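According to numbering that gives the first Met the number 0, the sequence shown is numbered sequentially starting from 0.
We put the beta carbon where it would ideally sit given N, CA and C, even for glycine.
If you're wondering where the values come from, they're calculated on a predicted model, not measured in any experiment.
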Amino acid sequence: MRIALDAMGGDYAPEPNITGAIVALQADPALNVVLVGPQDLLEAQVEASGYNGDRLSIVHASQVVGMEEKPTEAMRQKPDSSISVCWKLMAAREVDAVVSAGNTGAVVASGLKTRLFLKSVKRPGIAVTLPTSAGHAVLMDVGANPSARPSHLYQYAVMGEIYAREVLRVESPKIGLINI
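Below, the structure is given as structure tokens:
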């Protein structure tokens, strides 16, 4: 699996993201990570870490979206942001997944712009996998959308069911609804 990692996402980026990528590479020999962000900065951080393997690469992105920025404005004004470049790599099928600890709204907006989600999904939900006594449960839309319509709830159920079946290998996932 090849993952694009927004190395500039999160409060203390890029150091913890690079450290996490290296730990993941050590744990999974089938994993490849593409760090996305300012090339000079990332090269210096990787060199300082002492990592010298061949499963970590860097793709340059000249812009970064801050946590306080408005997502749609940031995507319009920063087409070469690390978040946007991650999604462009996904659209070009150069990576299998995108990971970012950055501005959630910008991650979702950029993903929607690339049209890589299911065609019927109008509002993607953020998923969390929780351990249970029987394995794992997928909890969809963990606080990202304050006002979901019934059609959105249906879309979350479809996305959660696909994730449980395809990623967690649950043969017949059960679907429930919790609303507050």
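Using 6 Å as the cut-off, classify the Cβ of residue i as near or not near the heavy atoms of the ligand ADP, replying yes or no.
i, result
"Glu42", "Absence of the ligand ADP is noted for the structure shown, with no ligands found whatsoever."
Which residues in the same chain have their Cβ closer than 7 Å to the Cβ of residue i, if we skip the five residues on either side of it in sequence?
i, result
"Ala156", "Ile174"
"Pro172", "Glu160, Ala163 and Arg164"
"Thr71", "Ala108"
"Leu24", "Leu30, Val32, Gly52, Arg54 and Leu55"
Quick check on the burial criterion: 16 or more other C-beta atoms within 10 angstroms. Buried or exposed for residue i?
i, result
"Val127", "exposed"
"Ser80", "buried"
"Ala29", "exposed"
"Ala100", "buried"
"Asp5", "buried"
"Leu129", "exposed"
"Gly8", "buried"
"Ser61", "exposed"
"Gly49", "exposed"
"Ile179", "exposed"
Report all residues from its chain with a CB closer than 8 Å to the CB of residue i; omit the five preceding and five following residues, and keep chain order.
i, result
"Leu94", "Note on residue identity: the sequence assigns Val, not Leu, to residue 94. Around Val94: Arg1, Ile2, Ala3, Val33, Cys85 and Leu88."
"Met66", "Asp10, Gly101 and Asn102"
"Glu68", "Asn102 and Ala105"
"Ser119", "Gln154 and Val157"
"Leu40", "Pro13"
"Asn144", "Arg122, Gly124 and His151"
What is the DSSP secondary structure of residue i, reduced to helix, strand or coil?
i, result
"Val107", "helix"
"Leu138", "strand"
"Leu115", "coil"
"Asp5", "strand"
"Gly49", "coil"
"Gly124", "coil"
"Val98", "strand"
"Asn144", "coil"
"Pro70", "helix"
"Val64", "coil"
"Pro13", "coil"
"Pro149", "helix"
Closest Cβ-Cβ distance between residue i and chain B: below 7 Å?
i, result
"Gly19", "Of the protein chains in this structure there is only one, and it is not chain B."
Write down the C-beta distance between residue i and residue j rounded to the nearest angstrom, noting that I regard them as a contact closer than 8 Å.
i, j, result
"His59", "Pro37", "7 Å"
"His135", "Leu176", "About 18 Å; that fails the 8 Å criterion."
"Met139", "Lys112", "Actually they are not in contact, since the Cβ atoms of Met139 and Lys112 sit about 22 Å apart, beyond 8 Å."
"Ile82", "Val64", "5 Å"
"Leu115", "Ala90", "6 Å"
For residue i, I'd like the list of residues in its chain whose CB is within less than 6 Å of its CB, leaving aside the five on either flank, ordered along the chain.
i, result
"Gly110", "Trp86"
"Ala96", "Ile2"
"Val169", "Ala163"
Next on the checklist: Closer than 8 Å is the cut-off here; do at least three beta carbon pairs connect the region 134 to 154 with the region 114 to 125?
Outcome noted: Output reads yes: the region 114 to 125 touches the region 134 to 154.
Item to check | Segment contact flag, the region 9 to 21 with the region 36 to 46, C-beta cutoff 8 Å, min 3 pairs | outcome: yes
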